[in-house]
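First residue of the sequence shown: 1, per full-length UniProt numbering; consecutive thereafter. Ideal Cβ positions, reconstructed from N, Cα and C, are used throughout, including at glycine. Written out below as C-alpha cells is the structure these notes cover.
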Amino acid sequence: MQRLLGHLAEAGFTGAPGPRGLTGDQELVEYLPGEAGTDLAAPWLYEDEVLVAAARLLRGLHDAGASFVRSEQDVWLLPPREPAEVICHGDAATYNTVFRDGLPVAFIDFDTAHPGPRLWDAAYTAYRFVPLYESGGVPVAQARRRLALFAEAYGLSEQEAARLPEAVAERLHALVAFMREQAAAGHPAFAAHLARGDDRKYLADVHWVLSELSELSSP
C-alpha cells in the first residue's frame, strides 16, 4: 500500500495517510489527528452534512487514484473487479474514517484497497454512511432520501444512482462469499465473524435493500 498512498499524496489528495515505509513485514503510515467514527450509536455520525462530506471525500479518493499505474507485483487482499476504473478503498466506512469538527476528512486502513468500478466502492460507503441496515438503520423514507443525497454529492449519473441498491446487494454478497472463503481456509478472524453471525446480518441487509429500495432501480 506504500506505493498507492504515495501516489495519492503526489496527486494532492489529503484524505489518506502518507506512506512512512516498512518495518519488517509491517507498513508504517502517517498519523492523522482526529476522531475515528467507531461509535456507531453517535447521532452526529448520521447527519446529512457528514454523508455529503463522506461522498465527496470518496470521490476525491477515486479521482486521485484513477491515474495510479498498476504493476504485476501489486498484491491485493480483495480481488480486482472489472471495469477497474479506480482504486477502491474497499472498506470506506464510518469506522475507517477520521473526523474533525464532526466531519469526515480522511479514510484510513487501506488494506482492502483494490482496483474496481467507482459504483462498487460507492455502494459500500453508502451502505455504511446512510446506513442501509435491516435493523438499527434509518426508516425507509429517510434511507431513500439519504441514498439520493449521497449519489448527488458523489456525482453519480442518474443511471448509476438508480443502480445503487443493486450495487449494494452485489457488494454485500461478494463480502459474504469472501468471508466464508477465508474462514474455510482457516483464517481465525473471519471464522470469528461467521461465529458472530456477521454473514447472516449482511444477507438480511441485502434482503431489506432489495425489498425496500429496489424501485430506485426501476426505469
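Asked, Found
"Close Cβ partners of His7 (< 6 Å) along its chain, the five nearest in sequence each way excluded", "Phe68"
"DSSP beta-bridge partners of Arg144", "Arg144 pairs with nothing; no bridge assigned."
"Pairwise C-alpha distance: Pro33 and His207", "38 Å"
"Rounded separation between Pro131 and Phe107 - CA only", "17 Å"
"Where the alpha helix (DSSP H) containing Gly65 begins and where it ends", "Asp48 to Gly65"
"Trp120 beta carbon less than 8 Å from that of residue 252", "Any answer about residue 252 is impossible in this case: the structure gives the chain only from 1 up to 219."
"Ordered list of beta strand (DSSP E) runs contained in the region 189–216, each at least 3 residues", "none"
"Among Leu51, Phe129, Ala92 and Pro104, the one whose alpha carbon lies nearest that of Ala113", "Ala92"
"Opening and closing residue of the beta strand (DSSP E) in which Leu5 lies", "Unbroken run through Leu5 is the alpha helix (DSSP H), Gln2 to Glu10; no beta strand (DSSP E)."
"Coarse secondary structure for Ala106, derived from DSSP in three states", "strand"
"Spatial distance of Glu72 from Gly18 (CA atoms)", "23 Å"
"Tyr154 beta carbon less than 8 Å from that of Ala9", "no"
"Buried versus exposed, by CB contacts within 10 Å (16 or more), Leu45", "buried"
"Proximity of Leu40 and Thr125 at Cβ, strictly below 8 Å", "no"
"Residue range of the alpha helix (DSSP H) that includes residue 224", "Because the chain spans 1 through 219 in this model, residue 224 falls outside it and cannot be assessed."
"Exposure label - Val176; buried when at least 16 CB within 10 Å", "buried"
"Extent of the continuous alpha helix (DSSP H) to which Leu125 belongs", "The identity of residue 125 in the sequence shown is Thr, whereas the question assumes Leu. Arg118 to Phe129 is the extent of the alpha helix (DSSP H) around Thr125."
"DSSP three-state assignment for Ala36, whether helix, strand or coil", "strand"
"DSSP three-state assignment for Glu27, whether helix, strand or coil", "strand"
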